[in-house]
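Chemist: My questions will all concern the structure given below.
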Amino acid sequence: MTADFALIAAAWLLAAHWLGDFVLQTHWQATNKSKRSDALVCHVASYAAVLIAALVLLSVAAFWAGNSPLKTTNEATWVGFGLGMTNGGLHLFTDYFTSRWTARLWQQARIHAFFLAIGVDQMIHQACLLATIWLLAK
């Protein structure tokens, strides 16, 4: 994968992350995911759907552009799907803990600490996305 394609992939995945983690997350999901598993699962399902679509498109585009060691479009599709599912699982694991942490901080009116915790949550998600780009490039 070329540096140019990796940069495009990073921008694409950050946009997909923003869409899945913020835009598509409903008020109900955001306020209940710390205490109800159905709210957390609904949030992660919509997040994962966006990431799967983005990663399948990226993987196939990398293949078509000659920026991938994969041998077929089908293989590229499955790699993108697998990376998207993996990101969904990592998102579920991360949000399970960080949503409980941030809910407690918000309830205690520790606003600065709340936003620091949100920052940690986002750094973990972004590290997962960077690792995904690294794996996509292999």
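To get my numbering, take the position in the sequence shown, counting from 1, and add 5.
Backbone N, C-alpha and C define an ideal beta-carbon position, used for all residues, glycine too.
Alpha carbon to alpha carbon, what distance is there between Q113 and L62?
Modeler: Cα-Cα distance, rounded: 43 Å.
Chemist: From L134, A136, A11, L135, pick the residue whose C-alpha is nearest to that of N151; which is it?
Modeler: Residue numbering for the chain in the displayed model covers 6 to 143; residue 151 lies beyond these limits and cannot be assessed.
Chemist: Between H130 and D26, which are expected to be in contact by the criterion C-beta below 8 Å, what is the C-beta distance as a whole number of angstroms?
Modeler: So it is a contact: roughly 7 Å between Cβ atoms.
Chemist: Buried or exposed: A35, going by 16 or more other Cβ atoms within 10 Å of its Cβ?
Modeler: Its Cβ having fewer than 16 others within 10 Å, A35 is exposed.
Chemist: What is the DSSP secondary structure of L29, reduced to helix, strand or coil?
Modeler: If DSSP states are grouped into helix, strand and coil, L29 belongs with coil.
Chemist: May I ask which residues mark the beginning and end of the alpha helix (DSSP H) holding T77?
Modeler: Where T77 is concerned, there is no enclosing alpha helix (DSSP H), given that its DSSP letter is neither H nor E.
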